[in-house]
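Peer 1:
Numbering (this note's numbering), first residue to last: 3 to 190.
1. Can you find the residues in the same chain that come closer than 6 Å, C-beta to C-beta, to residue 175, ignoring five residues on each side of it along the sequence?
2. Using the C-alpha atoms, what's the distance from residue 114 back to residue 153?
3. Can you check whether the CB of residue 108 is closer than 7 Å to the CB of residue 159?
4. Kindly list the residues whose CB is nearer than 7 Å to the CB of residue 145, restricted to its own chain and excluding five residues on each side of it in sequence; keep chain order.
5. Can you give me the C-alpha to C-alpha distance between residue 155 and residue 93, rounded to a whole angstrom?
6. Could you tell me whether the Cβ atoms of residue 182 and residue 95 are closer together than 7 Å?
7. Any heavy atom of the ligand ATP within a distance shorter than 6 Å of the CB on residue 89?
8. So, with DSSP's three-state summary, where would you put residue 163?
9. Quick one: is residue 168 buried, meaning 16 or more other Cβ sit within 10 Å of its Cβ, or exposed?
10. How big is the Cα-Cα spacing for residue 141 and residue 120?
11. To the nearest angstrom, report how far apart residue 73 and residue 170 are at their CA atoms.
12. Go ahead and label residue 177 buried or exposed: buried means 16 or more other beta carbons lie within 10 angstroms of its beta carbon, across all protein chains shown.
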């Protein structure tokens, strides 16, 4: 695992919080144990359901393309659409923004403070055609994602490759196998 994850497990009388740096292990507290394995099942562990690691493609068109993201019209010009790109069982949150018929996508993370999401769940702030970090006001160009103002001036958002075909947006970044929307289209 490249980035540590903080896990908190609460039981009736006890709470345990740990930062996980490994791909498998467990966290225990009085009456509960959380077991995990990021790369697949642990040797000799037959508990839990097996999955194939595929994303839930409830929004996918009838051909079932796992790289399908959304209709072009669902990608906002005055905000962002959140998605998760996946490879095997690992996901990367990304945001998409539309300019006319072009769609741009980036990792949902500020270069100044990578733990800060540009879109915390309600759409990123867009002012003067630039994405704005809600925490410290950095401004990023649409397209190349370069920061033009703020503490990370000159740095760029990590780009994720997407394409528009026949009015539909698809993930084309070879680092990932599939994509799923995190935003509920009925909330728009």
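Glycine included, C-beta positions come from ideal geometry on N, C-alpha and C.
Peer 2: Straight from the coordinates:
1. Within the chain shown, numbered from 1, the residue matching residue 175 stands at position 173. The answer, listed in chain order, is 162 and 163.
2. In the chain shown, the residue the question calls residue 153 occupies position 151. In the chain shown, the residue the question calls residue 114 occupies position 112. The alpha-carbon atoms of residue 153 and residue 114 are separated by roughly 7 Å.
3. For the purposes of this step, residue 159 is taken as residue 157 along the chain shown, with counting starting at 1. For the purposes of this step, residue 108 is taken as residue 106 along the chain shown, with counting starting at 1. Yes, the Cβ-Cβ distance between residue 159 and residue 108 is below 7 Å.
4. The count along the chain shown starts at 1 and reaches residue 145 at position 143. 106.
5. The residue labelled residue 155 in the question sits at position 153 within the chain shown. The residue labelled residue 93 in the question sits at position 91 within the chain shown. Going from the Cα of residue 155 to the Cα of residue 93 covers about 27 Å.
6. Here residue 182 refers to the residue found at position 180 of the chain shown. Here residue 95 refers to the residue found at position 93 of the chain shown. With contacts defined by Cβ atoms closer than 7 Å, residue 182 and residue 95 do not form a contacting pair.
7. No copy of the ligand ATP occurs in the structure displayed, which carries no ligand at all.
8. The residue you call residue 163 lines up with position 161 of the chain shown. Residue state, collapsed to three classes: coil.
9. Along the chain shown, one-based indexing puts residue 168 at 166. Exposed, by the Cβ-count rule.
10. Indexing the chain shown from 1 puts residue 141 at position 139. Indexing the chain shown from 1 puts residue 120 at position 118. Distance between the alpha carbons of residue 141 and residue 120: 10 Å.
11. Taking the chain shown and counting its residues from 1, one reaches residue 73 at position 71. Taking the chain shown and counting its residues from 1, one reaches residue 170 at position 168. Going by the C-alpha atoms only, they are around 4 Å apart.
12. The residue you call residue 177 lines up with position 175 of the chain shown. Exposed, since its Cβ has fewer than 16 Cβ neighbours within 10 Å.
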